[in-house]
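Residue numbers (the numbering used here): -2 to 167.
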């Protein structure tokens, strides 16, 4: 579950990209289909539950401003212990992006011991940064990406083996 602050109100949501343009979003108990029909820097045409919306976005030091239907909203990361809430991965050891994105930072290398919840990679999509964290403690066995790479949901960016498990190479 992701958490963002929208005009100082905490919003929890879960989002899954179906095919790179369609997003299935669960927002505060309701489910919504979001389809991106056009996206350029600062301007996005979307269908939300088949209703057209034009969103304008701009980033500044306070967060990301989103203008829609004559109203501006400030969207920012929820302040956590590192100033944001990392997106924790399932505990199968595979770190994958939740949406089409670009890798902006790699925070671990093969051989590193990591803790559950430790941030391993940062991806950026639509000017929003998402920090992907380990779903379990273990050892990083592979880093399958590089900074600047375009990635899709299901791409395994980093692999983590649980502590004590022997890598049989296969």
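All C-beta atoms, glycine included, are put in the ideal place defined by N, C-alpha and C.
Option nearest residue 129 by Cα separation, candidates 138, 123 and 115:
Answer by Cα proximity: 115.
Under the three-state reduction of DSSP, which class applies to residue 138: helix, strand or coil?
In the structure shown, residue 138 sits in a strand (DSSP, three-state: E or B).
Buried or exposed, going by whether 16 or more other CB atoms sit within 10 Å of the CB of residue 94?
Flag for residue 94 reads buried.
Of all the CB atoms in chain D, is at least one closer than 9 Å to the CB of residue 50?
Protein chain content of the structure displayed is limited to a single chain, and chain D is not contained in it.
Out of 55, 156, 127 and 32, state which residue places its alpha-carbon closest to the alpha-carbon of residue 47.
Nearest of 55, 156, 127 and 32 to residue 47, Cα basis: 32.
If you compare alpha carbons, which of 50, 119 and 124 is closest to residue 60?
Checking every option, the nearest Cα to that of residue 60 belongs to 124.
Three-way DSSP call (helix, strand, coil) for residue 82 in this model
In this predicted model, residue 82 has a pLDDT of only 44, less than 50, meaning its place in the structure is not dependable; the value taken from the coordinates is given anyway. Coil, per DSSP.
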